[in-house]
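In my numbering, the protein residues as written are 351 to 455.
Quick reminder that beta carbons are idealized off the backbone N, C-alpha and C, glycines included.
In what follows, a single structure is set out as structure tokens and then discussed.
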């Protein structure tokens with residue numbers, strides 16, 4: 351499912367115009383990015399948490415030049431689903447096989 355599919359589905363279910371749904375979703379994404387970039391985690395009860403994870407400094411390798419490269423400590427965004435979310439996905443009878451990952455994205 352892509353963003354456009356999600357917008358269409360929400361619009362159909364709620365009766366809200368697609369443009370309004372798009373603006374709302376974009377605002378949600380923008381706020382999540384802004385708060386995470388400021389170091390603030392976001393907790394949505396029953397859904398999950400958008401958190402910042404710390405990656406320790408490490409030594410990587412440039413394969414082409416065959417030299418060691420120092421990778422500094424950095425932070426990355428992550429999503430941790432809630433227990434209810436996990437339980438709902440686990441108990442779903444509609445999932446029959448591993449989801450296909452689209453390589454175009």
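Beta strand (DSSP E) containing residue i: first to last residue?
i	result
residue 397	Note, residue 397: premise wrong, no beta strand (DSSP E); not H, not E.
residue 408	408-412
Short of 8 Å in beta carbon distance, which residues of its chain neighbour residue i, apart from the five on each side in sequence? Order them along the chain.
i	result
residue 378	none
residue 413	none
At what residues does the alpha helix (DSSP H) containing residue i begin and finish?
i	result
residue 430	Per DSSP, residue 430 belongs to no alpha helix (DSSP H); it is in the beta strand (DSSP E), 424-431.
residue 443	It is not in any alpha helix (DSSP H) - residue 443 carries neither H nor E in the DSSP assignment.
residue 381	368-387
residue 353	353-364
Starting from residue i, follow its DSSP beta bridges and name the residues at the other end.
i	result
residue 405	424
residue 417	412
residue 392	400
Under 8 Å by Cβ, that's how I've got residue i and residue j pegged, so tell me the actual separation to the nearest angstrom.
i	j	result
residue 397	residue 427	Contact doesn't hold; Cβ gap of about 16 Å is too wide.
residue 375	residue 357	7 Å
residue 404	residue 425	6 Å
residue 407	residue 422	5 Å
CB-CB under 7 Å to residue i, same chain, minus the five flanking residues each way: which ones, in chain order?
i	result
residue 418	409, 411
residue 384	none
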